[in-house]
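First comes the structure, then the notes that go with it.
Protein chains: 2
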Amino acid sequence: MSRRSGILEFAVLGLLRESPMHGYELRKRLNTSLGVFRAFSYGTLYPCLKTLVANGWLIEEPGNTAEATAPLTGRRAKIVYRLTAEGKEHFEQLLSQTGPDAYEDEHFAARFAFFGQTSRDVRMRVLEGRRSRLEERLEKMRASLARTRERLDDYTLELQRHGMESVEREVRWLNELIESERAGRDLRGSATEGPAQQDTTSGAPGGLPRSGDEPRPDTPDDTAT
Amino acid sequence: MSRRSGILEFAVLGLLRESPMHGYELRKRLNTSLGVFRAFSYGTLYPCLKTLVANGWLIEEPGNTAEATAPLTGRRAKIVYRLTAEGKEHFEQLLSQTGPDAYEDEHFAARFAFFGQTSRDVRMRVLEGRRSRLEERLEKMRASLARTRERLDDYTLELQRHGMESVEREVRWLNELIESERAGRDLRGSATEGPAQQDTTSGAPGGLPRSGDEPRPDTPDDTAT
DNA sequence: TTCGTCATGTAATGGGTTACATGATTAC
DNA sequence: GTAATCATGTAACCCATTACATGACGAA
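In the order they appear, the protein sequences are chains A and B.
The opening residue of the first sequence carries number 1 in my numbering; numbering runs sequentially from there.
The opening residue of the second sequence carries number 1001 in my numbering; numbering runs sequentially from there.
Quick look at the structure:
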């Protein structure tokens, strides 16, 4: 039962819930698809996988990756990890947690990344929790700034200002998301293969208004250790 | 010569260069004034101070804090740390480094916080290095997004989009700063007590256009362990 | 046949937190 | 006199990285 890192364990469980994978691929997904928030090294990932197996949440299977809908690279895998029933149950239990941990930067991002498998009410609690966390932070920053403004040089001031602006921006983002959730819109379910949706109590389609970003395929690079 | 954490060591040296302080106060400054980037605990700070003393960069002095221009709280201190000549020299050497480390998130923030004591050319290199670092990151995100867009659900997509937007925003901020530096504006020198400016090769005043933020003194709170 | 990437691991180390232990000083 | 805050420290642990070691497979 040795308790390993919250966020890695969570993300691994979440990714494996979508489909079985081996460690190498798992790490890539962690760093790219979900890589917005965090990059983990093998030295962290493999030991973690072991303890998850030891906990009965995963099983190791030898053999080839299914590679779902598109067998792009028919590459052979050594050890494929698959979520067990207990693993699934455990993940669902983690998903339903709304404690203060879930509002911390990295933890929040991980939670958000799996909103597609999260019930609406939990989503709301997490978003609102995050928002009030940030608002607290803003209060502190404002207070501290008011106390020390004249003692600081302009660079320090500029740094603080930029920091606050970033936080304010995230609050606005959260506001939009929360409003969107409240209005009954649901961003879930547009993925290729959707694993069992547990308790969606609505279904009105239509996403958030997208700000125009247009990515182009450029340097198809990848991080290696 | 045991090498302790780069950023903490750097920040401690930088703060003590401005004026001598004891550990407790140092930590507060680290968490509030410069607290935008990082909070350290005593368990990290005190051992670090010890090794800095062992390296000959600080000396411990018993006695009262000078509290500079304003003896607001005439509070007595146990151990006041003061930068030695070697410490000053070492800090200056750290300040002049422009290696790739200086472009990482936290490290960069720490560097920026001490731009007031940094020469213009180093400032430029750090800002430009940071910018190209972020641009690389953007490329990767764009590429990864282009590769995986259709496999992702809308929440994951939204998370990526927001992440990219944040990075783009920081790039724009850096652009302004760089332009400002190039134009000869210098944000340095408006602090109450300015420690020796080493090599300013310009002096045109006038800061960056400030976006309006108006802080009010609200909850004058402080983080305690 | 050699290079790149896929693939799995381990040992040493780093950098930091938490919880604890201790005590002085100030405000009420 | 007691609570809050100031003030300094240590030991145990946690999470993760780095560098290393190993080897299979495909493409040039």
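For every residue, glycine included, the Cβ atom is placed at its ideal position computed from N, Cα and C.
Remember, predicted model here, so these are calculated numbers, not experimental data.
Item	Value
Same chain, Cβ closer than 8 Å to A:GLY53, five either side skipped, listed in chain order	Reading the sequence as shown, one finds Val at residue 53 of chain A and not Gly. These residues qualify, in order along the chain: ILE59, GLU60 and TYR81.
Pair within 7 Å by beta-carbon distance, A:ILE178 and A:ALA110	no
Contact belief for A:PHE10 with A:LEU94 at Cβ below 8 Å, rounded distance in angstroms	6 Å
A:LEU177 - DSSP class collapsed to helix/strand/coil	helix
Three-state class that DSSP yields for A:ARG82 in the structure shown	strand
is_contact[A:THR84, chain B] using C-beta, thresh 7 Å	no
In DSSP terms, what A:GLU61 is bridged to	A:VAL80
Any chain A beta carbon closer than 7 Å to B:ALA1110	no
7 Å Cβ cutoff, A:TRP173 in contact with chain B	yes
7 Å Cβ cutoff, B:HIS1022 in contact with chain A	no
Residue range of the alpha helix (DSSP H) that includes A:GLY6	6 to 18
Proximity test, Cβ basis, 7 Å: A:ALA39 and chain B	no
Same chain, Cβ closer than 8 Å to A:ASP101, five either side skipped, listed in chain order	GLY6 and HIS107
C-beta neighbour in chain B for A:SER19, strict 7 Å	no
Any chain A beta carbon closer than 7 Å to B:ALA1066	For B:ALA1066, the predicted model reports a pLDDT of 43, less than 50, meaning its position is unreliable and no value from the coordinates is stated.
CB contact check: B:LEU1159 to chain A, cutoff 7 Å	yes
Three CB pairs or more closer than 8 Å across the stretch 24 to 36 of chain A and the stretch 1132 to 1151 of chain B	yes
Straight-line gap, B:ARG1149 to A:LEU13 (C-alpha atoms, nearest Å)	21 Å
Limits of the alpha helix (DSSP H) - the one that B:LEU1052 falls within	1042 to 1054
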